[in-house]
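A.B. asks: Chains as they are written, first to last, in the numbering used here: chain A, 140 to 459; chain B, 11 to 336; chain C, 39 to 334. Virtual Cβ for every residue (Gly too), placed ideally from N, Cα, C. Since we're looking at a predicted model, the values are computed, not measured.
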Amino acid sequence: MWKYLVKRLLQMAGVLLIVSTIVFFITSVIGNPIYNMLPERAPPEQVEQVRKMLGLDKPLYYQYAIFLRNALRGDFGMSYTHHQPALRLIFSRFPATLEIVIVAMLLTIVIGISGGVYAGAYPRRKLSKGIMGFSILGISLPSFWIGMVFIFFLSVRLGWFPVSGRGETGVFLGIRSSLFTLEGWRHVFLPAFTLAVINIATIIRLIRAGMMETLRQEYIKFARAKGVGEKDILFKHALKNIMIPVVTIFGLQLGELIAFTTITETIYAWPGMGKLLIDSIMNLDRPIVSAYLLFVSVLFVAINFAVDIIYTLIDPRVEL
Amino acid sequence: MSTDVLLEIKNLQTHFFTLKGVVKAVDGVSFELRRGEVLGIVGESGGGKSVTGFSILRLIEEPGKIVGGEILFKGTDLLKASEQHLQSIRGKEISMVFQDPMTSLNPVFTVGYQLEESLIIHQNLTKEARKQKCIQLLSMVGIPNPEKRLLDYPHQFSGGMRQRVIIAIALASQPDLIIADEPTTALDVTIQAQILKLMKKLSEETRCALILITHDLAVVSELADRVMVMYCGKLVETGDTKDIIHNPAHPYTEGLLRSIPDIEQEKSRLEPIPGIVPNMFELPQGCKFADRCSRCQTICTQEEPPLFEGPKGRKALCFFPLWKDS
Amino acid sequence: MKSIPILQRFFASDFFYHYRRSTTAIVSSLMILFVILVAIAGPFLTPQNPYALSNLFLADAFKPPAWLDGGELRFLLGTDQQGRDILSAIVYGSRVSLFIGIAGVFFAATFGILIGLVAGYIGGKVESIIMRIADIQLSFPSMLIALFLMTTFGRSITNILITLTLIGWVRYARVVRGETLSVRKKEYIEASRVIGYSDLYIMVKQVLPNVLNSVIVLSTIQIGTFILLEATLSFLGLGVPPTRPTLGMLCSEGFSVLYSGLWWVSFFPGLYIVFIVFAINLFGDFLRDQLNPRLK
Chain A
140 MWKYLVKRLL QMAGVLLIVS TIVFFITSVI GNPIYNMLPE RAPPEQVEQV RKMLGLDKPL
200 YYQYAIFLRN ALRGDFGMSY THHQPALRLI FSRFPATLEI VIVAMLLTIV IGISGGVYAG
260 AYPRRKLSKG IMGFSILGIS LPSFWIGMVF IFFLSVRLGW FPVSGRGETG VFLGIRSSLF
320 TLEGWRHVFL PAFTLAVINI ATIIRLIRAG MMETLRQEYI KFARAKGVGE KDILFKHALK
380 NIMIPVVTIF GLQLGELIAF TTITETIYAW PGMGKLLIDS IMNLDRPIVS AYLLFVSVLF
440 VAINFAVDII YTLIDPRVEL
Chain B
11 MSTDVLLEIK NLQTHFFTLK GVVKAVDGVS FELRRGEVLG IVGESGGGKS VTGFSILRLI
71 EEPGKIVGGE ILFKGTDLLK ASEQHLQSIR GKEISMVFQD PMTSLNPVFT VGYQLEESLI
131 IHQNLTKEAR KQKCIQLLSM VGIPNPEKRL LDYPHQFSGG MRQRVIIAIA LASQPDLIIA
191 DEPTTALDVT IQAQILKLMK KLSEETRCAL ILITHDLAVV SELADRVMVM YCGKLVETGD
251 TKDIIHNPAH PYTEGLLRSI PDIEQEKSRL EPIPGIVPNM FELPQGCKFA DRCSRCQTIC
311 TQEEPPLFEG PKGRKALCFF PLWKDS
Chain C
39 MKSIPILQRF FASDFFYHYR RSTTAIVSSL MILFVILVAI AGPFLTPQNP YALSNLFLAD
99 AFKPPAWLDG GELRFLLGTD QQGRDILSAI VYGSRVSLFI GIAGVFFAAT FGILIGLVAG
159 YIGGKVESII MRIADIQLSF PSMLIALFLM TTFGRSITNI LITLTLIGWV RYARVVRGET
219 LSVRKKEYIE ASRVIGYSDL YIMVKQVLPN VLNSVIVLST IQIGTFILLE ATLSFLGLGV
279 PPTRPTLGML CSEGFSVLYS GLWWVSFFPG LYIVFIVFAI NLFGDFLRDQ LNPRLK
């Protein structure tokens, strides 16, 4: 157990080191931020001064060493455009992103699991075929397009939802979130649903396939022979077996959700870290881009780790 | 006499509707089972033995379907019962033991839970009482250290131990009937004997009737009071075990007996039945066994033989049965 | 001469038998055929060349689809803020989108198969490093990797193809390497070695036919995925340059006028993306069921 933990931690550190190296060398190639910060015809002395200020006059390996040292301390430099520490800026936007990711994940779990279990348990029924049709359609939808369709028809035309932005926030148990106000939910629903559509479709397909496979197993037949009711057969005996592969997929999907917040947030002008990233890419705001990428990498590595742990909890055959 | 009848099956027909055609896996089988009786159903694979067993509890999966007949259990027809009613019978009044203990237990639940689940469904016990009962059941089937082993998962048990667990689950609610589908086929020979002994002992102790489905006549001769031989979905011979073993009436039964080794009577060679089981999609006209039969006559290939009744309640599906009055 | 028996064999095959009996397979392949025909013949059919500026008149701007008030039959799906016919723009855009999807898959497959063969052939450290990279890459969402790479490379069609190759190779490499491993153990490999064939020759000869089905299924689905990915990147302004707009780019341009009520500028290009990708996914599903049910 301890051996496993140490091994995993070392692996995680290794992955992060590789990612940070790639991020550093590639971001230092992106454009030249100086010209974004200064007026177009700035005098050369001023350019030189800013270069020194940003440490861009030093050789690349030196910059890398400094980058690594600072990154370990959580210091990615000041944002060129916001004039704030990059990581703090990301942290301040993170809760808004987390909101839509959590709601999207909940939608995925509820709709994805129930749809997938139904379609897998009764594959010949009309509704199951409809669910499968929807799910193939779902994985074929560009998420920016769904977002635009929702905004135009549900918000602009019908006025059911606000057009964009985050609603008012409320405080509950010391946490400030828009999920604690009704208005906040009105704002969060469409972005979250847009984000969830593709995920729901993917999860439905996986659960259905797993369900059909599992229901063919002898132990399901034996449970039936024992007198176990249909509901327990599906949601207890079968689902717990399917959960083993599904947890892995959920981990990957959570990563996808976080990646896709960049698009959803851009469309809905949602003030999260995804929109911050896209804005920063446009403004060549290097510290924010690298801080974002490393922060997200830490998240992914942590998610993977959590998935492994959950895995061992569900599947008694796997040992650490 | 008739009050003693636990299960009566009349003209059961279970067919499988596949893309290639209809397979009549069970085709008009009738038999009775008395309380506490051990009935062996034997035959080659594909003969319809297992399908008969699963039909009793209506556990036939698509594309299979029970298309006709009656299954009277304690006088009520299970084919007309509601799914809910069946659920209350499954595992409580009629239990099953499956062929492969490696796959019949759910890998992600503890053995204790899978045992307890049966008690939760069918009996009204407190949590503590359930636990005691689980321990008692496990020790009854001969699992050492039962209290500790309740918390183990199936993969931590050997094949023989798992089959013991399955038997314990089957016995959990003192059923009147256990249907055991090839319960020892997947086990080592030495363990087979242990499990069979255990089943015999427990069925005697609990006075529970047993339907033992197997391809192994040796197993049947050890355990069964009565034997039913099936071939191509039809019942071809039935009678008391001793009579059938010593004086088989149907040529197929005779062939089966000749093809098993016997240590005491040293046979110089085993005699397999010639030919193979016919294709279930294209069954021959007349007697299904005709083209493998040494005593085949013209009539056998033209007409289906009726079920002739012989002495001592014996029956045989053959125009020329070999009754010997003993 | 030779093609006739091959055709006959195809029509007699199980694959064709199941194809004929599956409505979704027939419908989706017809949809794909339609998309390809439109892309090839499109420029001859469209009312307007949307990129010849001399064809655009501001007087034609903001026309809604033909069936709405103020719509004109000339502009079946309406026009954008520059008076560009949306239908023509879609036809031209689909050519670029399809090209990127297909070429991207071609490069990713070639690169991935090569890497997989090399990993399986050399084995040892090289193999474990390559597969480790593949694992790490798979644990990051491809969308994020694409965003990052396009930010670095800058927007152009070549750079998108490079990005798609760098994203797509992993799955091919895994399939091929898996097959190489199992082939390496088989006895006939030993046998052909005795005859004097080189290991590499044997690998290529044995592995490629065995992975063909998987590669076909993977590639079909990847084309759809890549078209979506390109559209998303272009929507964010990180994909194709404005001079070669794809369907995603058209959506992006339409997004800026969405709030002023010009929904058709972005709606129809997006709808056509859905049409294309849906057709590909439906057909891909059928292919997977027929050719390689184990592949997920």
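1. Which runs of the alpha helix (DSSP H) spanning at least 4 residues fall entirely within the stretch 122-208 of chain C, listed in chain order?
2. Since Glu313 (chain B) and Gly285 (chain B) should fall inside the 8 Å C-beta cutoff, what is the C-beta to C-beta distance between them, to a whole number of angstroms?
3. Among A:Thr333, A:Met244, A:His221, A:Val437, which residue has its Cα nearest to the Cα of Ile427 (chain A)?
4. Return the residues of the stretch 107-138 of chain C that lie within a Cβ-Cβ distance of less than 7 Å from chain A, sorted by chain order.
5. According to DSSP, is Gln46 (chain C) part of a helix, a strand, or is it coil?
6. Closest to Ala178 (chain B) by CA distance: which of B:Cys144, B:Asp198, B:Arg159 is it?
7. With a threshold of 7 Å on Cβ separation, who are the neighbours of Val278 (chain C) within its own chain once the five nearest residues in sequence on each side are excluded?
8. Checking contacts by CB at 8 Å: is Tyr257 (chain A) closer than that to chain B?
9. Contact defined as beta carbons within less than 8 Å: I believe Leu280 (chain B) pairs with Pro271 (chain B). What is the distance between those atoms, to the nearest angstrom?
10. Is the beta carbon of Val121 (chain B) sitting closer than 8 Å to the one on Tyr163 (chain B)?
11. I need the boundaries of the alpha helix (DSSP H) containing Arg268 (chain B), first residue and last residue.
12. What in chain A is Cβ-close to Asp327 (chain C), meaning under 7 Å?
13. Taking the alpha helix (DSSP H) that Asn338 (chain A) falls in, what are its first and last residues?
14. Rounded to a whole number of angstroms, what is the C-alpha to C-alpha distance between Gly139 (chain C) and Tyr310 (chain C)?
15. Does the structure place the stretch 244-259 of chain A close enough to the stretch 404-423 of chain A that three or more beta carbon pairs sit under 8 Å?
16. In chain A, which residues lie with their C-beta within 7 Å of the C-beta of Gly101 (chain B)?
17. Three-state secondary structure (DSSP) at Phe53 (chain C)?
18. Just to confirm the assignment, what range does the alpha helix (DSSP H) spanning Leu148 (chain A) have?
19. Quick one: residues in its chain with C-beta nearer than 7 Å to the C-beta of His260 (chain B), no 5 flanking neighbours on either side, listed in chain order?
20. Where does Gln260 (chain C) land, buried or exposed, given buried means 16+ other C-beta within 10 angstroms?
21. Could I get the ranges of all uninterrupted alpha helix (DSSP H) runs contained in the stretch 292-320 of chain B, with 4 residues as the minimum, in chain order?
22. Starting from the beta carbon of Ile278 (chain A), find every residue of chain C whose beta carbon is closer than 7 Å, and list them in chain order.
23. So what does DSSP say about Asn248 (chain C), is it helix, strand or coil?
24. Tyr340 (chain C) CB to nearest chain A CB: under 8 Å?
25. Buried or exposed for Pro258 (chain B), going by 16 or more other Cβ atoms inside 10 Å?
26. Nearest-angstrom Cα distance between Val186 (chain A) and Leu423 (chain A)?
27. So the candidates are A:Leu433, A:Arg425, A:Asp371; which of them puts its Cα closest to the Cα of Ala398 (chain A)?
28. Give the C-beta separation of Gly50 (chain B) and Val230 (chain B) to the nearest angstrom, bearing in mind that I take them to be a contact with Cβ-Cβ under 8 Å.
29. Starting from Phe108 (chain B), find everything on chain A with Cβ-Cβ shorter than 8 Å and list it in chain order.
30. Have a look at Ser304 (chain C) and Ser290 (chain C) and give me their C-alpha separation to the nearest angstrom.
31. Could you give the residue range of the beta strand (DSSP E) that holds His25 (chain B)?
32. So, are the CB atoms of Ala182 (chain B) and Arg45 (chain B) less than 8 Å apart?
33. Per the DSSP calculation, Thr248 (chain B) is bridged to which residue(s)?
34. Would you say Trp284 (chain A) faces chain C, with C-beta separation under 8 Å as the test?
35. Taking C-beta pairs closer than 8 Å, name the residues in chain B that Arg456 (chain A) reaches, listed in chain order.
36. Following the continuous beta strand (DSSP E) through Ser98 (chain B), name the residue where it begins and the one where it ends.
C.D. replies: With the given structure in hand:
1. 124-160, 162-176, 180-191
2. As a working note, residue 313 (chain B) is residue 303 in the second sequence. As a working note, residue 285 (chain B) is residue 275 in the second sequence. With a Cβ gap of about 20 Å, Glu313 (chain B) and Gly285 (chain B) do not count as contacting.
3. Residue 427 (chain A) sits at position 288 when you count from the first residue of the first sequence. Taking only the C-alpha atoms, the option nearest Ile427 (chain A) is A:His221.
4. none
5. As a working mapping, residue 46 (chain C) is identified with position 8 in the third sequence. DSSP places Gln46 (chain C) in helix when its eight states are reduced to three.
6. Within the second sequence, numbered from 1, the residue matching residue 178 (chain B) stands at position 168. Residue B:Cys144 is the option with its Cα nearest to Ala178 (chain B).
7. Working through the third sequence from its first residue, we reach residue 278 (chain C) at position 240. For Val278 (chain C), where only same-chain residues beyond five positions count, the Cβ hits under 7 Å are Val134, Arg193, Ile195, Ile198, Ser272, Thr284, Met287.
8. As a first step, residue 257 (chain A) is located in the first sequence; it is residue number 118 there, counting from the start. No, Tyr257 (chain A) lies away from the interface with chain B (no Cβ there is under 8 Å from its Cβ).
9. Working through the second sequence from its first residue, we reach residue 280 (chain B) at position 270. Working through the second sequence from its first residue, we reach residue 271 (chain B) at position 261. The Cβ separation is near 6 Å, so the contact holds.
10. Taking the second sequence and counting its residues from 1, the one referred to as residue 121 (chain B) is at position 111. Taking the second sequence and counting its residues from 1, the one referred to as residue 163 (chain B) is at position 153. Closer than 8 Å, so yes.
11. Working through the second sequence from its first residue, we reach residue 268 (chain B) at position 258. From DSSP, the alpha helix (DSSP H) with Arg268 (chain B) extends over 261-268.
12. Sequence index remark: in the third sequence, residue 327 (chain C) carries index 289 (1-based). Those do not exist, as Asp327 (chain C) stays about 11 Å from chain A at its closest Cβ, beyond 7 Å.
13. For the purposes of this step, residue 338 (chain A) is taken as residue 199 along the first sequence, with counting starting at 1. From DSSP, the alpha helix (DSSP H) with Asn338 (chain A) extends over 321-354.
14. Within the third sequence, residue 139 (chain C) is the residue found at index 101, counting from 1. Within the third sequence, residue 310 (chain C) is the residue found at index 272, counting from 1. The alpha-carbon atoms of Gly139 (chain C) and Tyr310 (chain C) are separated by roughly 14 Å.
15. no
16. In the second sequence, residue 101 (chain B) corresponds to position 91, counting from 1. The answer, in chain order, is Ala364, Lys365, Gly366.
17. To locate residue 53 (chain C), count along the third sequence from 1; it is residue 15. Correct three-state label for Phe53 (chain C): helix.
18. Taking the first residue of the first sequence as position 1, residue 148 (chain A) is located at position 9. 141-166 is the extent of the alpha helix (DSSP H) around Leu148 (chain A).
19. For the purposes of this step, residue 260 (chain B) is taken as residue 250 along the second sequence, with counting starting at 1. Excluding positions up to five away in sequence, the list reads Val239, Val246, Glu247, Ala326, Leu327, Cys328, Pro331.
20. By one-based count along the third sequence, residue 260 (chain C) stands at place 222. Gln260 (chain C) is buried by the Cβ-count criterion.
21. 308-312
22. Your numbering for residue 278 (chain A) matches position 139 in the first sequence. Near Ile278 (chain A) (Cβ distances below 7 Å), the residues of chain C are Asn319.
23. As a working mapping, residue 248 (chain C) is identified with position 210 in the third sequence. Helix at Asn248 (chain C).
24. The first residue shown for chain C is 39 and the last is 334, placing residue 340 (chain C) beyond what the model contains.
25. By one-based count along the second sequence, residue 258 (chain B) stands at place 248. Classification for Pro258 (chain B): buried.
26. As a working mapping, residue 186 (chain A) is identified with position 47 in the first sequence. As a working mapping, residue 423 (chain A) is identified with position 284 in the first sequence. Distance between the alpha carbons of Val186 (chain A) and Leu423 (chain A) is about 16 Å.
27. Position 259 of the first sequence, counted from the first residue, corresponds to residue 398 (chain A). Measuring from the Cα of Ala398 (chain A), the nearest candidate turns out to be A:Leu433.
28. The count along the second sequence starts at 1 and reaches residue 50 (chain B) at position 40. The count along the second sequence starts at 1 and reaches residue 230 (chain B) at position 220. The pair is a contact, with the Cβ atoms about 3 Å apart (cut-off 8 Å).
29. Locating residue 108 (chain B) in the second sequence gives position 98, where the first residue counts as 1. Glu357, Lys360, Phe361, Ala364, listed in chain order.
30. Residue 304 (chain C) sits at position 266 when you count from the first residue of the third sequence. Residue 290 (chain C) sits at position 252 when you count from the first residue of the third sequence. Computed Cα separation, rounded: 7 Å.
31. In the second sequence, counting from the first residue as 1, residue 25 (chain B) sits at position 15. Segment 15-28, the beta strand (DSSP E) holding His25 (chain B).
32. In the second sequence, counting from the first residue as 1, residue 182 (chain B) sits at position 172. In the second sequence, counting from the first residue as 1, residue 45 (chain B) sits at position 35. In this structure, Arg45 (chain B) does not lie closer than 8 Å to Ala182 (chain B) by Cβ.
33. Mapped onto the second sequence, residue 248 (chain B) falls at position 238. Thr248 (chain B) pairs with B:Met238, B:Lys325.
34. For the purposes of this step, residue 284 (chain A) is taken as residue 145 along the first sequence, with counting starting at 1. Interface residue, yes.
35. Residue mapping note: residue 456 (chain A) aligns to position 317 of the first sequence, counting from 1. Result: Pro117, Tyr163, His165.
36. Taking the second sequence and counting its residues from 1, the one referred to as residue 98 (chain B) is at position 88. Segment 93-99 is the alpha helix (DSSP H) holding Ser98 (chain B); no beta strand (DSSP E) there.
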